[in-house]
Every structure is written in C-alpha cells, then in structure tokens.
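Colleague: Each residue of the sequence shown is one higher than the last, beginning at 69 in the working numbering.
Quick one: this structure, given as structure tokens, is what I'll be asking you about.
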Amino acid sequence: ERHWSQEHLADLAGIGLRTIQRIEKGEPASRETMTALAAAFNVDVMALAVDPETEAEEIMRKKDAKLIAGTRLGLFISLGGCALALIVFAGINIGTGSWVMKWPMVWVTVGAAGHALTALIIELTVRYRQQISAAE
69 ERHWSQEHLA DLAGIGLRTI QRIEKGEPAS RETMTALAAA FNVDVMALAV
119 DPETEAEEIM RKKDAKLIAG TRLGLFISLG GCALALIVFA GINIGTGSWV
169 MKWPMVWVTV GAAGHALTAL IIELTVRYRQ QISAAE
C-alpha cells in the first residue's frame, strides 16, 4: 500500500534486510521485530499479527458452531416435549379405551417433523456455506 522497498522498510524499522525477507516468506517474527515494524508503519502490533481474512473466517466458524448448537438444543428440547406429550396422549387413549387423542398425536408428530426439517435445513445451509468458503 505504501510502495516501500524492503531496504527502505528495514531502515525505517531498524532491522536487517534479511529479517524482512524471512518475514515475507512467512517465517515467524520475534516480538521485537513486530514492534519495530509496527512503529515503522505507525500501527498497533496486533494489526500486523492478525490476518483480517483469517479472523473473519474464525468469527464465522464460531457463529456457525453457535447456530448449529442452538438449533440442535432447541430440536432436542422440542423432541423431548413431543415425546412426553405422545406418552401422555397414549396413556389417555389406553385409559379411555379409544383413540380420542389420535389427532393431537398426529399434530404433535407433524410439529416435531417440522422442527426437525427446519434444523436439517439450517445445518445443511451452514455446511454448504463452509464448503464454499473452504473452496475459495
């Protein structure tokens, strides 16, 4: 962005040219070197240490993991409630000797299936987005 040569940057930072070349190749830099480079660029040391794209990807991964965990938890709570309702409805059916709770049982099952489908769609969407970002 500043169009500085390696020699100019090394002079400004007070470090060796070979050190600049090693850092550009991807080798790790010492804390002192990072501090000197940050002073030369007039930025915070963390601005040099953190890659914005990597940080954004990590934030998205954490958000995705949180979304999936929340969706699964909601699904399991819902399925537990549906299972309890079905047990109660089955008990009522057995107690009365007829299928008086047939339609509530059907609708509880439909609700559980709808919630499971929603959770599946969310999970597949997140996986697809992760595959797309991994391919880029």
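Ideal Cβ placement from N, Cα and C applies to all residues, glycine included.
Note that the structure is a prediction, hence the values are computed from the model and not measured.
Of all the alpha helix (DSSP H) runs that stay within the bounds of the segment 98-165, which reach a length of 4 or more residues?
Modeller: Runs of the alpha helix (DSSP H) spanning 4 or more residues and lying entirely within the segment 98-165 occur at 99-109, 113-117 and 120-164, in chain order.
Colleague: Would DSSP call Glu204 helix, strand or coil?
Modeller: Counted from its first residue, the sequence shown places residue 204 at position 136. Three-state DSSP puts Glu204 in coil, outside helix and strand.
Colleague: Excluding sequence positions up to five away, which residues of its chain have a Cβ less than 7 Å from the Cβ of Ser146?
Modeller: By 1-based counting over the sequence shown, the position of residue 146 is 78. Result list for Ser146: Ala180 and His183, in chain order.
Colleague: For the candidate residues Leu154, Thr164 and Gly163, whose alpha-carbon lies nearest to that of Pro172?
Modeller: Numbered from its first residue, the sequence shown carries residue 172 at position 104. Among Leu154, Thr164 and Gly163, the Cα nearest to that of Pro172 belongs to Leu154.
Colleague: Any idea if Val178 is buried or exposed, counting beta-carbon neighbours within 10 angstroms, 16 or more meaning buried?
Modeller: Start at 1 with the first residue of the sequence shown, and residue 178 comes out as number 110. Flag for Val178 reads exposed.
Colleague: Output the distance between the C-alpha atoms of Arg90 and Arg140, rounded to the nearest integer angstrom.
Modeller: Taking the first residue of the sequence shown as 1, we reach residue 90 at position 22. Taking the first residue of the sequence shown as 1, we reach residue 140 at position 72. Approximately 46 Å, taken between the alpha carbons.
Colleague: What distance in whole Å lies between the Cβ atoms of Ala107 and Ala81, which are believed to be in contact at a cut-off of 8 Å?
Modeller: Reading the sequence shown from its first residue, position 13 is the one you call residue 81. Reading the sequence shown from its first residue, position 39 is the one you call residue 107. The pair is a contact, with the Cβ atoms about 7 Å apart (cut-off 8 Å).
Colleague: Give the range of the alpha helix (DSSP H) segment to which Glu75 is assigned.
Modeller: The residue you call residue 75 lines up with position 7 of the sequence shown. Unbroken alpha helix (DSSP H) run through Glu75: Gln74 to Ala81.
Colleague: Helix, strand or coil: which one does DSSP assign to Pro96?
Modeller: Mapped onto the sequence shown, residue 96 falls at position 28. It is coil, neither helix nor strand.
Colleague: Whose C-beta lies closer than 7 Å to the C-beta of Asp112 among residues of the same chain, with five residues either side of it excluded?
Modeller: Against the sequence shown, residue 112 aligns to sequence position 44. Closer than 7 Å at Cβ, skipping near neighbours: Ala106.
Colleague: Between which residues of its own chain and Ala54 is the CB-CB distance below 6 Å, once the five residues before and five after are set aside?
Modeller: Outside the shown range of the chain (69 to 204) lies residue 54, about which nothing can therefore be said.
Colleague: Quick one: is Met169 buried, meaning 16 or more other Cβ sit within 10 Å of its Cβ, or exposed?
Modeller: For the purposes of this step, residue 169 is taken as the residue at position 101 of the sequence shown. The residue is buried, with at least 16 neighbouring Cβ atoms inside 10 Å.
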